[in-house]
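K.L.:
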Amino acid sequence: MNHYETVFILNPVLSEDQIKETVKKYEDFLVSNGAKMIAKEDWGLKKLAYPIQNKKSGFYHLFEYTVPGEVINPLEVEFRRDERFMRYLTVALDKHAISWAERRRVKLKQKA
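So the sequence shown is residues 1 to 112, counted in our numbering.
#1: First and last residue of the alpha helix (DSSP H) that includes S99?
#2: Say whether the segment 2–10 touches the segment 67–82, bearing in mind that this needs 3 or more beta-carbon pairs closer than 8 Å, one atom from each stretch.
#3: Nearest-angstrom Cα distance between V91 and L14?
#4: Can we say the segment 76–92 touches the segment 41–58, given the rule of at least three CB pairs closer than 8 Å?
#5: Look at the alpha carbon of L93 and the alpha carbon of D17, and state the distance between them as a whole number of angstroms.
#6: Which value, in whole angstroms, describes the spacing of the CA atoms of E64 and G34?
#7: Whose C-beta lies closer than 8 Å to the C-beta of V67 among residues of the same chain, with five residues either side of it excluded?
#8: Cα separation between L45 and H96?
#9: Can you tell me whether R84 is helix, strand or coil according to DSSP?
#10: Between R103 and A39, how many whole angstroms is the CB-CB distance? I'm expecting something under 8 Å.
#11: Three-state secondary structure (DSSP) at L30?
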């Protein structure tokens with residue numbers, strides 16, 4: 001089981017219900033393929049550095065999870081097929097990135 005982090009940007013014209021439905025769909029996709037979700041973060045609507053699909057903002061979300069490596073390709077194929085996604089990035093985390101992510105989660109909990 002490898003440790004991964006996926007950040008994706010959803011189209012800003014989506015309603016709150018559509019966003020929740022989309023996030024839930026892909027979380028269920030990962031879990032049904034053997035993933036263990038470690039963290040989910042909703043970063044909200046953010047301004048983009050440059051326009052994507054003539055949009056100047058997007059809804060950012062982050063998933064942190066462990067899953068066998070062969071699940072990543074089908075996940076990204078699903079991202080490409082779904083028109084609600086503007087961009088996505090999946091990164092395998094090494095031991096240093098994992099410890100940094102844990103410290104970041106602790107800081108977020110302390111702020112809340």
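Yeah, the Cβ is synthetic: ideal placement off N, Cα and C, and Gly gets one too.
P.N.:
Answer, in terms of the structure:
#1: K95 to K111
#2: yes
#3: Straight-line Cα distance between these residues: approximately 26 Å.
#4: yes
#5: 31 Å
#6: In a straight line, the C-alpha of E64 is about 14 Å away from that of G34.
#7: M1, N2, Y4, L30, N33, G34, A35 and K36
#8: 29 Å
#9: Of the three classes helix, strand and coil, the one that applies to R84 here is coil, per DSSP.
#10: Contact doesn't hold; Cβ gap of about 12 Å is too wide.
#11: helix
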